[in-house]
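Taking it in order: structure first as structure tokens, then the write-up.
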Amino acid sequence: MKSLIPMFTAIALSTGAVGDVSITNVNKTESYYNERKVVDIDFDKERIENKINKKTYDSSNQNEVYVPGSKNKGIQLNSGKVTIPSSDLKIDKEETITVSLWMKWDGNDNNFIPFAFGQYTLWFHNGNFGFNTGKYDVYGVEKGLKAGQMTHVLAEFHKNDVMKNKLFINGKKQELSQLEGSPDNKKATFDDSLQIGGWKYDNYHDMDEGIILDEFNVLKDSIQDGEEKDLYLLSKVPELNVYQNELYAKSEWAIDILDSDLLYQTDFETNDFIPNFKWGYDEFYGDGGQSITTEDKFSGKQSIRTEDTFKNGNWIQWPNRNRERSIHVWERFKFKNGIPLSITYYAKSVEAKKSLIMANGDGGWAESFYDHDLPPVKLTKPMKRGDKVAHVDNPDAFKVAKHGYTLDQDELKIGTVMQVESVDTENKTVTFRNSDGVGRDVEEGTPFHFRQWRGAWSFPARNVANEEGWKKVSVNTYVTDYKDYDVSKRGGSYYMASSTDNVIYLDNVKFGYATEVELYRDGKKVYNGLMSDFADREAIDKVKPDMVKKITFNGNKDDLSISFDKPKDVGTKYTYNIKGLSKNGETPLSKNKEVEITAGIKGYSYLIDKNPTTIPSNNVNLKEESLKTALKDQGQYYLHIKAIDNQGNIGDTKHIPIEIPILEAKANHKENMVQLNWSGGNVEPYTYKVFKKKEGETQFQSVSATDYKKKVKVLNLYPYTASLMKDIPFQNWKGEQFTLPQSALLKQWMEEPNIEDAKGYGKGLIDVDAVELNQFNKNPNEYLKKPDGSWRYDVVYAGAWDTNRQQDLSIQGEQVIEDFINSGRGFLAGHDTITQYHNLKNFVKLSDFLRIKTYPFNGNVYEARASAIQMPWIGSQNIEIKKKGLLTNFPWVIGDIGSKLSVPISHTNSQVSLGDVWMNYSDWKSPFVDKEVGVGPEVSDSETGLGTNNFYLTTWSNTAMIQTGHSNGKATPDEQKVLANTLFYLAQLTSDTHLDDRSGQDIDAPTKSDINKVTVNEDNSVNINFKEAVDKGTAYEYYVESKGGDTQSVVKSNDAKAEVKTGLKGYSIVIDEKANTIPDEKIETTNTSYQMAVPNKKDFYIHVASVDNAGNISEVSHYHYQDKFSPELTITASTKDWTNKAITLHVVATDKDSKVKKIGLPNGQWINGSKAEFIVNENGIYYFKAVDEGGNETIQYIILSNIDKKNPTVQINAPDNWVNTDVKVEIIGNDE
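The opening position of the sequence shown corresponds to residue 7 in my numbering, with each subsequent residue numbered one higher.
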């Protein structure tokens, strides 16, 4: 409906009468009355709910309608009745009961009962209104109700004595008399149920559709003096909201405009005022997404709907083109300057992050010039009426888009006021954007002036986003009081605007004069006035913040990250309440509204040093809850830190030692391990994880940190299908009896005595609990965690059955397993778990932890067909050790690299291991119908070129996968040993501060011992000489990661290195007739020469390997002895000249690949060795024979012809006659 008071009346009401009212002192609060109530129904949530017992009731015909009531929503029962059982009231023992309600009667129904306790009622009968006991009696007043007015009724009922009753209407006590009949005091009791809207004896007295009820309350006890006004004004108690604004408390309140102060009201119904949705000079801006709608309303049938102003907004002021707000314009009102105004409305926001509503009064241009910011400027050319371009002497005086420039010369005569569109400094012109241009002719030389715009009033904006349902908003303001703008004469255009990213509804708008209030903080009045909010800047945070707690350290000494929980800034609590002041008196104080003002953490002051008690300064040097630092050197450092809030309150200093482990690594060469020791912490309990990498490796991996004397606790998650799995009974080494299905036999394998160990393959070190996977999935934390949240187990093993019976982890189960792995505990996946086979989607999520890549299938994921497989499978019942370390030698020594073990047949499943492969399959064999499946080929991941699809056991850090399970409950002793070793290996957390790391072993072999000399002896032995070997140690690098049990701090120690070198044990030597024999670890000698028997002297092999004390065998030096060359003979005569003496022949035999055994002389005699002499007296041919150890012979001869034992003869032939001339004498010598 619309109600408009004429403007002259409004002005008259505003002149000096506000606040000139009598005030009654009332000390009772709204809470006082609430404590007495047994029924409190306000209908605001459009249901009949008793706020005292939280119960909701239905009307008899469920034909009720919710309409505006005395405060928010009221109800029209429309001839229906509401029954509240006496058991919900519990007032039958009370002597006096008071009922308070608001009621609006339309003047039509003259016979109705608003409520009744059995036959004890209030009755309106033909204008008489009073108490009734079912005997056609009325003890009351005549004409007690006025038609069309919301009336407050307060009735005091006395048990068994009607004449003591009291009736108050609108806070005034009524003089009662017996108007009809006589009361029956026996009926005046509270034993029966409460009927609202009639009584239970007939329907004749029901309330028809013309009667509204609201704020229906039943209170224990009678009305004390002054309480009648309290109860009357309870509906007028301001609705108080207190919240923190910046660093102080701000109060806002909503209070209904009194009927006497109401100026304007509309519900936007058909005959009501509808505002103008158009805005701007034309329809360019549109309606702003605003419309009258029937889809939702607070009351009646219609409301205003505004949709997405960021898209549809019509409040666009040039040059800004952003669509952010929508505006609708009402009428123009005139009020006296400075008087208080109030607006009350109901708003509803729909799924919006922002829903802001504003209400203002648009005034006009000031009747004064404001030239303070306007440099002198005047026209250089005259302007004609309608001109928009001005020629000026100082164009720099104008600012584009600024509005307020005028050529008026009389302050009181407002002509054209213009907005600058553009400025041309070169041509000294200004263009204005007024649609009609200048309003008159203006002469050259006329100076410009500037006028300011004056608003008439401005209400505080309210954000109604995130409010449930319809929200009542009440805001107050003052009419502006400018000397140069008289609102009472010139008025202001009332408008409302909204900004929303979705939808806002607006309904039931009231506009009028503000109501005075008093606001109290902690019992002290802090505000008295006519506004609708108050910024209490004295209500600030006065308490220091909490101490910094739960400090977490991550990293190491050189790169340390420190973080901590943001401490609570302990605020200061204030309690507010409010009351309204009216001509009828004061309302009761509202319910207490408590607010805690928290300044918020501004930052922190911190210092790191080696002093345990340093106090940092009070200056903030850290804004976040984290920092990074580096410690200069080793030693105990301390962090000192305190919080400072935005109010300047300073918290206590937290002193905490920075407990970074200091690690030492020392090789124990004798026991072939690395002994680790590190410093522990005292601030909280810590667990430690040891990481190691071998020289040449790029990544650290965690290692087993379990002491050999400590037990490993394992939880086995087994798949189960009753029809497929037999129950297996067994007794463990402790004598305990168990029965488990075939898929859960890990416990039997680890704990049942066997011929190799009386405590099972777990050797008494491994305790196993088993739980069905489907049961685990229902509540994984219950199985894995203790009540205090700590973990129960060291390792979880998932398996073992073929396809894992197609049973997957649940989403929650998978997440808990992730948490378990991230905590540093071990996880072992069984056969067919980490695979896309059979669509085990949650197990596959763990693949990154295990560094296993899985591959999809072509089509069906339930068949082992070559055509469906994208990554080849490999399987066998034979596996080969590929890596040596702790996993292969504790608690079972299962072999060296290359050793083969026997397991039940199993296979990989579209997987590639990118981690460490300890064992793979050899002698591939297909266990499937399709014999192409399971026989490779072996390949790597095609994308990275890394990894292999051939693995039986792979690990990465504290996770592993083993192919146990394809055999459905079978396991060989070898496989059970591998399982035991793997479970032990995966137990990688400790609370000790030391570790004998037996995985840090000497696994590098000594250097090769090259054979440099071989001598074959006559006694079928050989002397071997070889190069001395040097033992090569294995170098490791370690760090320790500590994790705080309370703060979850994770810090890394320094890196520590150690080289394990067990030392050279000796040499293993083999002589045989094979080319590639590998000697075993048996030591033949510790020297670099050795004599051994040979199988023959002609062709054999010598194999020499150096061995260290860890059993590492070097590369083998192979020597092939083969006697295939005959000896060579050299015969030398003692002289080559003629001699008449005997000649000695020197004979030397040599052999390339063996030893000369003997030499045969020409006389048949044999000389052992490689040298001989033979004396020759006569010329001739002499033959010698040489024989080597291999039986090879060589015959060589020498011809002698230089022995001459006969004297020579001489014959002289000369002339016989003497002559005195030369003669020829012939001398001839002869020698035989």
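For each residue, glycine too, the CB sits at the ideal point set by N, CA and C.
The structure displayed is predicted, hence computed values, not measured ones.
Query: From residue 886 to residue 1085, what distance separates their C-alpha atoms?; Result: 20 Å
Query: Distance, Cα to Cα, residue 862 vs residue 843?; Result: 8 Å
Query: Are residue 339 and residue 310 touching if we call contact CB-CB under 8 Å?; Result: no
Query: Report the three-state DSSP secondary structure of residue 213 (helix, strand or coil).; Result: coil
Query: Would you mind stating whether residue 352 and residue 304 have Cβ atoms separated by less than 8 Å?; Result: yes
Query: Indicate whether residue 1034 and residue 1092 have their beta-carbon atoms separated by less than 8 Å.; Result: no
Query: Could you tell me whether the stretch 113–122 touches the stretch 194–210, using the rule of 3 or more Cβ pairs below 8 Å?; Result: yes
Query: Please give me, in chain order, every unbroken run of the beta strand (DSSP E) with length at least 3 that falls completely inside the stretch 445–509.; Result: 477–484, 498–506
Query: Nearest CA to the CA of residue 1175: which residue from 701, 1160, 1168, 1155?; Result: 1155
Query: Taking 6 Å as the limit between beta carbons, can you name the residues of its chain near residue 1126, skipping five residues before and five after?; Result: 1107
Query: Counting pairs of Cβ atoms below 8 Å between the stretch 989–1007 and the stretch 1144–1151, do you hit three or more?; Result: no
Query: Can you tell me the Cβ-Cβ gap for residue 815 and residue 835, rounded? I've got them flagged as a contact below 8 Å.; Result: Between residue 835 and residue 815 the Cβ distance is about 11 Å, and since that is not below 8 Å, they are no contact.
Query: In this structure, how does DSSP classify residue 815 when only helix, strand and coil are distinguished?; Result: coil
Query: Could you tell me the alpha carbon to alpha carbon distance between residue 710 and residue 992, rounded to whole angstroms?; Result: 6 Å
Query: Does the Cβ of residue 702 have 16 or more other Cβ atoms within 10 Å, making it buried, or fewer, making it exposed?; Result: exposed
Query: Name, in chain order, the residues that DSSP records as bridge partners for residue 583.; Result: 526
Query: Contact between the stretch 951–959 and the stretch 714–730: three or more CB pairs below 8 Å?; Result: no
Query: If you follow the beta strand (DSSP E) that residue 109 is part of, which residue opens it and which one closes it?; Result: 102–111
Query: Grab me the residues of residue 1134's own chain with a C-beta within less than 6 Å of its C-beta, minus the 5 sequence neighbours each way, in chain order.; Result: 1156
Query: Below 8 Å on the Cβ atoms is my guess for residue 772 versus residue 717; work out the distance and round it to an integer in Å.; Result: 7 Å
Query: Decide if residue 346 is buried, meaning its Cβ has at least 16 other Cβ atoms within 10 Å, or exposed.; Result: buried
Query: Measure the alpha-carbon distance for residue 387 versus residue 487 and round it to whole angstroms.; Result: 39 Å
Query: Give the secondary structure of residue 755 by DSSP, where H, G and I count as helix, E and B as strand, and everything else as coil.; Result: helix
Query: If you check the beta carbons only, do residue 691 and residue 940 fall under 8 Å apart?; Result: no
Query: Buried or exposed for residue 333, going by 16 or more other Cβ atoms inside 10 Å?; Result: buried
Query: Considering only residues of the same chain and omitting the five flanking positions on each side of residue 1231, which have a CB-CB separation below 8 Å?; Result: 1218, 1219, 1220
Query: Using only CA atoms, which one of 828, 82, 986, 870 lies nearest to residue 898?; Result: 986
Query: Report the three-state DSSP secondary structure of residue 787 (helix, strand or coil).; Result: helix
Query: Which of the three DSSP states, helix, strand or coil, is assigned to residue 315?; Result: helix
Query: Does the contact criterion of 3 or more C-beta pairs under 8 Å hold for the stretch 677–697 versus the stretch 992–1003?; Result: yes
Query: Could you give the distance in angstroms between the alpha-carbon of residue 1037 and the alpha-carbon of residue 1087?; Result: 15 Å
Query: Go ahead and label residue 1138 buried or exposed: buried means 16 or more other beta carbons lie within 10 angstroms of its beta carbon, across all protein chains shown.; Result: exposed
Query: Out of 207, 1202, 1021, 1015, state which residue places its alpha-carbon closest to the alpha-carbon of residue 140.; Result: 207
Query: Quick one: Cα of residue 889 to Cα of residue 903, how far?; Result: 6 Å
Query: Going by beta carbon distance, what residues of the same chain come within less than 8 Å of residue 1064, once the five residues before and after it are set aside?; Result: 671, 672, 673, 680, 1006, 1041, 1042, 1044
Query: Starting from the C-beta of residue 514, find all residues in its chain whose C-beta is less than 7 Å away, skip the five residues before and the five after it, and write them out in chain order.; Result: 74, 273, 304, 305, 351, 352
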